[in-house]
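As C-alpha cells, the structure follows; a few thoughts come after it.
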Amino acid sequence: MPLNVPSFDQVLETAHALTLVVPPEFEDLNGHMNIRHYVATHDEAAVALFNEIGFDPAYVKDRSRYFFDLEHHLGYHSEVFIGDEISVYLRFVGRTHKVIHYVAFVVDHRTRLVANTMEVATAHVDLATRRTVPFANEDVRQLDRLIAAHQELDWAVPLSGSMNLSRPVSP
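Just so you know, the numbering used here puts 164 at position 132 of the sequence shown, and the rest follows in order with no gaps.
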C-alpha cells in the first residue's frame with residue numbers, strides 16, 4: 033500500500049537527527065544502499081536525537097531506563113546510491129505514558145527526494161525488570177514540545193495504520 037510521502041522540503045521542518053555520505057560498504061548486489069543499513073542508520077539517528085532531548089547515557093545510568101522498539105514499518109520510495117549525502121529526520125506522532133510513536137525519514141540531498149520512511153513504536157523500559165514503565169513528567173518535557181510542534185505541521189504524516197496508540201497523551 034503506497035503512503036502519501038511528504039516532499040523533501042516538508043521533511044526539513046521536522047527534527048534533524050543525522051547526516052552522512054553513504055559509504056561503499058552500504059552497497060548491495062543491486063547497486064544501491066542495502067536494507068540493513070537503512071535500519072542501522074535509522075537507529076543511529078534516533079539514538080542521536082533521543083540524546084538531544086534528554087534520553088542520553090546519563091539518563092540510562094541514573095534511572096536504569098531506556099527504550100525497546102516494539103514495531104517498525106519500513107517504506108522505500110527512492111533509491112539511494114553510494115556517495116549520496118543523506119539525512120535522517122524524525123517526526124513525532126504522539127505518545128502514551130509508556131510508548132513513543134514516530135516516523136523517521138531518510139532524505140537524499142542529491143535527488144531532493146524522500147528515499148525511505150520508518151514508522152516506529154518504541155516502549156520506555158526499566159532495564160532491571162525488562163518491563164515497560166511510565167515516563168516521569170519531568171523527563172518528557174522536551175519530547176512533548178516536539179510532539180506539539182510536529183502536530184502543528186500542515187502536512188499529514190505517512191502512517192501505516194498498524195500502530196495506533198491506545199490512550200495517547202496530549203503534549
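Idealized CB from N, CA, C, for every residue including glycine. As the structure is a computational prediction, the values presented were derived from the model and not from experiment.
7 angstroms Cβ cutoff met for residue i and residue j
{"i": "residue 56", "j": "residue 187", "result": "no"}
{"i": "residue 178", "j": "residue 133", "result": "no"}
{"i": "residue 104", "j": "residue 146", "result": "no"}
{"i": "residue 46", "j": "residue 123", "result": "yes"}
{"i": "residue 153", "j": "residue 164", "result": "no"}
{"i": "residue 190", "j": "residue 161", "result": "no"}
{"i": "residue 54", "j": "residue 112", "result": "yes"}
{"i": "residue 43", "j": "residue 167", "result": "no"}
{"i": "residue 118", "j": "residue 140", "result": "yes"}
{"i": "residue 144", "j": "residue 40", "result": "yes"}
{"i": "residue 174", "j": "residue 114", "result": "no"}
{"i": "residue 66", "j": "residue 60", "result": "yes"}
Residue environment, residue i, which counts as buried when at least 16 other CB atoms sit within 10 Å
{"i": "residue 126", "result": "buried"}
{"i": "residue 151", "result": "buried"}
{"i": "residue 33", "result": "Confidence at residue 33 is low in this model, with a pLDDT of 43, below 50, so its placement is unreliable and the value that follows should be read with caution. Exposed, by the Cβ-count rule."}
{"i": "residue 72", "result": "exposed"}
{"i": "residue 100", "result": "exposed"}
{"i": "residue 184", "result": "exposed"}
Identity of the residues DSSP links to residue i by a beta bridge
{"i": "residue 146", "result": "139"}
{"i": "residue 151", "result": "105 and 135"}
{"i": "residue 160", "result": "Answer is none; residue 160 lacks a bridge partner."}
{"i": "residue 119", "result": "51 and 139"}
{"i": "residue 59", "result": "65"}
{"i": "residue 99", "result": "156"}
Cβ separation of residue i and residue j, assumed to be a contact under 8 angstroms, to the nearest whole Å
{"i": "residue 49", "j": "residue 121", "result": "6 angstroms"}
{"i": "residue 98", "j": "residue 159", "result": "6 angstroms"}
Contact with chain B by residue i, beta-carbon distance below 7 angstroms
{"i": "residue 182", "result": "Absence of chain B from the displayed structure is noted, only one protein chain being present."}
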